[in-house]
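Q: Got a structure here, written out as structure tokens. Questions coming.
Number of protein chains: 2
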Amino acid sequence: MIITSCGNSIKLAKSLARKLKAQYSPLTISSFPDGDIYLKYNTSVKGKKVIIVQSFHPSPNSSLMRVIFAAETAKDLGARKVILVAPYLAYMRQDTRFHAGEAISSRIMAKLLNHSIDKIITIDPHLHRYKSLKTIFTIPAVRLTANSVIAEYISKKFDRAKTVIIGPDRESYQWAESIAAKTGMPSTVLEKTRFTSKKVRVKMIKPIPLKGKDVVIIDDIISTGHTIIEAAKKAKSLGAKSITAIGVHGLFVEGLLKLQKAGIKVISTNCIEHTTNKIDVAPVIVEALRSHESARKRLTMD
Amino acid sequence: MIITSCGNSIKLAKSLARKLKAQYSPLTISSFPDGDIYLKYNTSVKGKKVIIVQSFHPSPNSSLMRVIFAAETAKDLGARKVILVAPYLAYMRQDTRFHAGEAISSRIMAKLLNHSIDKIITIDPHLHRYKSLKTIFTIPAVRLTANSVIAEYISKKFDRAKTVIIGPDRESYQWAESIAAKTGMPSTVLEKTRFTSKKVRVKMIKPIPLKGKDVVIIDDIISTGHTIIEAAKKAKSLGAKSITAIGVHGLFVEGLLKLQKAGIKVISTNCIEHTTNKIDVAPVIVEALRSHESARKRLTMD
Numbered sequence: 002m003i004i005t006s007c008g009n010s011i012k013l014a015k016s017l018a019r020k021l022k023a024q025y026s027p028l029t030i031s032s033f034p035d036g037d038i039y040l041k042y043n044t045s046v047k048g049k050k051v052i053i054v055q056s057f058h059p060s061p062n063s064s065l066m067r068v069i070f071a072a073e074t075a076k077d078l079g080a081r082k083v084i085l086v087a088p089y090l091a092y093m094r095q096d097t098r099f100h101a102g103e104a105i106s107s108r109i110m111a112k113l114l115n116h117s118i119d120k121i122i123t124i125d126p127h128l129h130r131y132k133s134l135k136t137i138f139t140i141p142a143v144r145l146t147a148n149s150v151i152a153e154y155i156s157k158k159f160d161r162a163k164t165v166i167i168g169p170d171r172e173s174y175q176w177a178e179s180i181a182a183k184t185g186m187p188s189t190v191l192e193k194t195r196f197t198s199k200k201v202r203v204k205m206i207k208p209i210p211l212k213g214k215d216v217v218i219i220d221d222i223i224s225t226g227h228t229i230i231e232a233a234k235k236a237k238s239l240g241a242k243s244i245t246a247i248g249v250h251g252l253f254v255e256g257l258l259k260l261q262k263a264g265i266k267v268i269s270t271n272c273i274e275h276t277t278n279k280i281d282v283a284p285v286i287v288e289a290l291r292s293h294e295s296a297r298k299r300l301t302m303d
Numbered sequence: 002m003i004i005t006s007c008g009n010s011i012k013l014a015k016s017l018a019r020k021l022k023a024q025y026s027p028l029t030i031s032s033f034p035d036g037d038i039y040l041k042y043n044t045s046v047k048g049k050k051v052i053i054v055q056s057f058h059p060s061p062n063s064s065l066m067r068v069i070f071a072a073e074t075a076k077d078l079g080a081r082k083v084i085l086v087a088p089y090l091a092y093m094r095q096d097t098r099f100h101a102g103e104a105i106s107s108r109i110m111a112k113l114l115n116h117s118i119d120k121i122i123t124i125d126p127h128l129h130r131y132k133s134l135k136t137i138f139t140i141p142a143v144r145l146t147a148n149s150v151i152a153e154y155i156s157k158k159f160d161r162a163k164t165v166i167i168g169p170d171r172e173s174y175q176w177a178e179s180i181a182a183k184t185g186m187p188s189t190v191l192e193k194t195r196f197t198s199k200k201v202r203v204k205m206i207k208p209i210p211l212k213g214k215d216v217v218i219i220d221d222i223i224s225t226g227h228t229i230i231e232a233a234k235k236a237k238s239l240g241a242k243s244i245t246a247i248g249v250h251g252l253f254v255e256g257l258l259k260l261q262k263a264g265i266k267v268i269s270t271n272c273i274e275h276t277t278n279k280i281d282v283a284p285v286i287v288e289a290l291r292s293h294e295s296a297r298k299r300l301t302m303d
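Residue numbers (the numbering used here), protein chains in the order written: chain A, 2 to 303; chain B, 2 to 303.
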């Protein structure tokens, strides 16, 4: 087994290799003066299983292209199997045609990966209109969740009697609810109604007293952070003592400043490498790769 | 028939539409805050033939991705056929593994296009180790040449008795030779031997007197321009009166300044949009699209 990365998840790739006692081998990736991709394996992959670890952030397009180039080249060099571990999978939010003529990007991304890789493993993909990854992937697609490691972190750092877990909108409640259940903490969800670009009303669906509580807001993707900031404002107005936001995928496309100015402590998993990483998803991925390996061995023995 | 572009060849796309009396319809292409591509057709393509005109420069990766997104979306919206007109096709120079472990980018690029488009039309692709586009494309792949329009331009602007056409290296001689034959002008080819990074010897293979001549250097791709500059130096040292460089594909990745400082007049075709464009390839493409259309009509009538 060779573990490599196309540039975005090198730390995680190395950590997975250590835990699995596998070889981490870096790819050489650069650009020719004309902008063409240059990609090179620095170890023989012939007959081997190649695990490409690459989160699709930043630069989802470049990441997708690099993953395809790395996968196709591995196959061309005789790799037995190519597995993509994409802790963060981009494009998933464009899961329908909101207006006539639009690209359904998630389907196109999946089609490209279906052609070039043998299996995909991802963590908490943004499944909203799609019930399952099977809707778009024809290759085996494994959906892992960081809920267990996030719940562990919360249990260790927060007092169960004084903490409330909040989903900042209905789409994110699945994560908040599951993590709350694992920690034994109460949870609720907010609902945002936008009247004008300036006027927004945030309502708590299942009222829970927040006065004096430590509030933990959970979201699968923290992109601009606006949703988190609005949820934090609401929680503060209801008397919350402290606000922590935990994102499975911390994109932080507008940086951290606005979130910090709003008095929010920001934490993320290492699905996407970032200074806010405090929760390690490697154990979850290792388990999935080990069970893949043992399933294969069982199959070979039969 | 709908003609569109993914951003790089809009002028040419509009010119083709005018000449073919077809509809030019712009795509809306932008990025979400997280970097995901947003792409939208602004006219119905259902049942229609969609021609995407897109040179793969600048940003070959982004161009390839946009072309795939545009093609897949057209198909998803019911387009009858998707034809890519890529006057400049990138990646073609990586046509073998120069070192173990390297990606053969041209094969990967072709595989991606094979899956997403129905036909490709390109102009003077850099075929060096591949004999034909069929080596990498399974879809119909049409190789046009700008030789005729370049020869026309030279015949109009240069005096046959006073002009010599030069290929700056062996790879480019196929273009110089063919254009010279069409203009009735003499041609020769240079050969570059590199001793150290500084020491290069340029030799003329078939000696032709250059004293007092107008020299026209022809290359398929002008990338950094270094090869052209070395050829120009040689021609000047042999007494050439003036030096003009004509590139089918003017990438000019280091700009024009060095070329201009070396006293070279630079001209390109509009395969890639650039201020040096003086030679229009639209007539060549129009002819190919018309013959495609009439072949289809013949087929339908049978």
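Each residue gets a CB set at the ideal place from its N, CA and C atoms; glycine is no exception.
Just mark B/D160 as buried or exposed, buried being the case when its beta carbon has 16 or more other beta carbons within 10 Å.
A: B/D160 should be labelled exposed.
Q: Restricting to Cα atoms, I'd like to know which of A/S45, A/I109, A/A75 and A/V54 is closest to B/K76.
A: The shortest C-alpha separation from B/K76 is found at A/I109.
Q: Identify which residue in A/K279, A/T139 and A/I244 has its Cα closest to the Cα of A/L13.
A: The shortest Cα separation from A/L13 among A/K279, A/T139 and A/I244 belongs to A/K279.
Q: Along chain A, in chain order, which residues have C-beta atoms closer than 9 Å to that of B/N148?
A: Per Cβ cutoff of 9 Å: no residues; B/N148 is ~22 Å from chain A at best.
Q: Out of A/K298, A/G264 and A/I247, which one is the CA nearest neighbour of A/T277?
A: For the residues A/K298, A/G264 and A/I247, the minimum Cα distance to A/T277 belongs to A/I247.
Q: Flag A/L134 as yes if its beta-carbon sits less than 7 Å from any beta-carbon of chain B, otherwise no.
A: Not closer than 7 Å to any Cβ of chain B, the Cβ of A/L134 fails to qualify, so no.
Q: Taking the Cβ atom as the reference point for each residue, do B/D125 and B/T146 lie within a distance shorter than 7 Å?
A: Yes.
Q: So, with DSSP's three-state summary, where would you put A/M205?
A: Correct three-state label for A/M205: strand.
Q: Looking at the C-beta of A/S295, does it have a partner C-beta in chain B at a distance below 7 Å?
A: With 7 Å as the cut-off, A/S295 does not count as an interface residue toward chain B.
Q: Kindly provide the ranges of any beta strand (DSSP E) runs that are 3 or more residues long and lie completely inside the segment 45-110 of chain B, ordered along the chain.
A: Listed in chain order, they are 50-54 and 82-87.
Q: From B/E294 to B/I38, what does the alpha carbon distance come to, in whole angstroms?
A: Roughly 32 Å between the two C-alpha positions.
Q: Note down the Cα distance separating B/S60 from A/T245, rounded to an integer number of angstroms.
A: For B/S60 and A/T245, the distance between alpha carbons rounds to 40 Å.
Q: Closest Cβ-Cβ distance between B/D303 and chain A: below 7 Å?
A: Note on B/D303: pLDDT 46, under 50, position unreliable in the model; no value is reported.
Q: Of all the CB atoms in chain B, is at least one closer than 7 Å to the CB of A/E178?
A: No - not a single Cβ of chain B is within 7 Å of the one on A/E178.
Q: From A/Q24, A/Q55, A/S188 and A/G102, pick the residue whose C-alpha is nearest to that of B/T74; which is it?
A: B/T74 has its Cα closest to that of A/G102, out of A/Q24, A/Q55, A/S188 and A/G102.
Q: Comparing the C-beta of A/K49 with each C-beta of chain B, is any distance below 7 Å?
A: It does not; no Cβ of chain B falls within 7 Å.
Q: If you scan the segment 218-261 of chain A from start to end, which runs of the beta strand (DSSP E) of 3 or more residues do you find wholly inside it?
A: Runs found: 243-251.
Q: Have a look at A/A80 and B/S117 and give me their C-alpha separation to the nearest angstrom.
A: Cα-Cα distance, rounded: 25 Å.
Q: What residues from chain B crowd round A/K183, counting only those whose CB sits closer than 8 Å?
A: Ordered by position in chain B, no residue passes the 8 Å Cβ test against A/K183, which lies about 28 Å from the chain.
Q: Are A/T184 and A/A232 touching if we call contact CB-CB under 7 Å?
A: Going by C-beta atoms, A/T184 is not nearer than 7 Å to A/A232.
Q: Is the CB of A/F138 under 7 Å away from at least one CB in chain B?
A: Judged by the 7 Å Cβ criterion, A/F138 is not in contact with chain B.
Q: Residues of chain B with a CB under 7 Å from the CB of A/Y131: which are they?
A: Under the 7 Å cutoff, chain B gives no residues; its nearest Cβ is about 16 Å from A/Y131.
Q: If I measure Cβ to Cβ from B/K41 and keep anything under 6 Å in the same chain, skipping five residues before and after, which residues do I get?
A: Same-chain partners within the cutoff: T29.
Q: Under 8 Å Cβ-Cβ, which residues of chain B neighbour A/A91?
A: Residues of chain B passing the Cβ test: D35, G36 and D37.
Q: Looking only at DSSP bridge pairs, what is B/E192 linked to?
A: Answer is B/K204, bridged to B/E192.
Q: Helix, strand or coil for B/V287 per DSSP?
A: B/V287: helix per DSSP, three-state reduction.
Q: Output yes or no for whether 7 Å exceeds the beta carbon distance between B/N9 and B/S64.
A: Yes, Cβ-Cβ distance for B/N9 and B/S64 is below 7 Å.
Q: Please identify, using Cβ separations under 8 Å, the residues of the segment 74-88 of chain B that lie next to chain A, in order along the chain.
A: Those residues of the segment 74-88 of chain B that come within reach of chain A (Cβ to Cβ, closer than 8 Å) are T74, D77 and L78.
Q: Answer yes or no: do A/T225 and A/V254 have a C-beta to C-beta separation smaller than 7 Å?
A: For A/T225 and A/V254, yes; Cβs fall inside 7 Å.
Q: Can you tell me whether DSSP reads A/R130 as helix, strand or coil?
A: Coil at A/R130, not helix or strand.
Q: For A/D215, which residues does DSSP report across the bridge?
A: Answer is A/T164 and A/S243, bridged to A/D215.
Q: Residues of chain A with CB under 8 Å from B/T225, in chain order?
A: Here the neighbours are P34.
Q: How is the alpha helix (DSSP H) around A/A18 delimited, first residue to last?
A: Unbroken alpha helix (DSSP H) run through A/A18: I11 to L21.
Q: Opposite B/I155 in the DSSP bridges: which residues?
A: The partner list for B/I155 (beta bridge, DSSP) is empty, contrary to what the question assumes.
Q: Can you have a look at B/G256 and say buried or exposed, based on whether 16 or more other CB atoms are within 10 angstroms of its CB?
A: Under this definition B/G256 is an exposed residue.
Q: List, in order along the chain, the chain B residues whose C-beta lies closer than 8 Å to that of A/M2?
A: Those do not exist, as A/M2 stays about 17 Å from chain B at its closest Cβ, beyond 8 Å.
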